[in-house]
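Heads up: the structure comes next, in structure tokens.
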Amino acid sequence: MNIPGFFHFPFLLRELSAWTPWILRKQQLSLPSIPMLQAARKRNSLNLLGLTEAELEEQFVRGDGPGGQATNKTNNCVVLKHIPSGIVVKCHQTRSVEKNRKIAREILQEKVDLFYKGEESDVYKEKKASEKKKQEKKRRAKENLERKKLFKEVQQLDKK
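Residue numbering for the sequence shown follows the UniProt record's numbering, starting at 1 and increasing by one per position.
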């Protein structure tokens, strides 16, 4: 563990368990109703491989993209690496470090599950099912468009 990480707030939450009840009482942690987080709750129902903290290497870096000074001065982007597989996830979806840590772990868990299970993974099966559903929707839309064109042509012929 590096020395700057020792003074980081998430480290204190993990290591100083005596302070945790007091900190949680003071902050009243709650999750907003972000659609992405609701989808993440749905993903928890999948049968995914578990991750242990010993297998993870976590860093907090400055994020990129829009946001100006708020982005340029804060280290709220989480870079999470799964050491055994070498998979790296970078998450900067919210301004909160704790939410980014949670989201990064969920994304990493899905990627590790896909890495080890391959086509047998629930994540893979869900992705294939959504792709199939999307293709079916495109096919139906194309058929409806063809029907409309034929209907207009028939109407044009009837008017003449």
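Here a beta-carbon is modelled for each residue, glycine too, at the ideal position from N, C-alpha and C. On a predicted model such as this, the values are computed, not experimentally measured, just so you know.
Quick one: residues in its chain with C-beta nearer than 7 Å to the C-beta of residue i, no 5 flanking neighbours on either side, listed in chain order?
{"i": "residue 178", "result": "In the structure displayed, the chain extends from 1 to 160; residue 178 sits before or after that span and is not available."}
{"i": "Tyr116", "result": "Leu49"}
Do you know offhand how far residue i's Cα is from residue j's?
{"i": "Cys86", "j": "His92", "result": "Residue identity differs from the one stated: residue 86 is Gly in this sequence, not Cys. Whole-angstrom Cα-Cα distance: 20 Å."}
{"i": "Val78", "j": "Leu108", "result": "12 Å"}
{"i": "Glu106", "j": "Pro66", "result": "24 Å"}
{"i": "Lys160", "j": "Phe151", "result": "15 Å"}
{"i": "Thr74", "j": "Arg62", "result": "6 Å"}
{"i": "Gln59", "j": "Lys149", "result": "57 Å"}
{"i": "Leu157", "j": "Arg147", "result": "15 Å"}
{"i": "Ala141", "j": "Ile83", "result": "45 Å"}
{"i": "Lys138", "j": "Leu145", "result": "11 Å"}
If I'm right that residue i touches residue j with Cβ under 8 Å, what's the distance once you round it to whole angstroms?
{"i": "Leu56", "j": "Lys90", "result": "About 14 Å separates the two Cβ atoms, so there is no contact after all."}
{"i": "Ala54", "j": "Arg95", "result": "Their Cβ separation, rounded to whole angstroms, is 29 Å, which puts Ala54 and Arg95 out of contact at 8 Å."}
Within its chain, find whatever has a CB closer than 6 Å to the CB of residue i; leave out the 5 residues flanking it on each side and keep chain order.
{"i": "Glu110", "result": "Val123"}
{"i": "Val88", "result": "Lys81"}
{"i": "Val97", "result": "Asn76"}
Under 8 Å, Cβ to Cβ, is there at least one residue of chain C near residue i?
{"i": "Ile87", "result": "The question asks about chain C, but that chain is absent: this structure has only one protein chain."}
Starting from residue i, follow its DSSP beta bridges and name the residues at the other end.
{"i": "Glu58", "result": "Leu80"}
{"i": "Val89", "result": "Leu80"}
Check whether the Cβ of residue i lies closer than 7 Å to any heavy atom of the ligand COA, and answer yes or no.
{"i": "Glu126", "result": "The ligand content of the structure shown is nil, which means the ligand COA is not present either."}
| Segment contact flag, the stretch 95 to 102 with the stretch 124 to 137, C-beta cutoff 8 Å, min 3 pairs | With the rule of 3 Cβ pairs closer than 8 Å, the stretch 95 to 102 does not count as touching the stretch 124 to 137.
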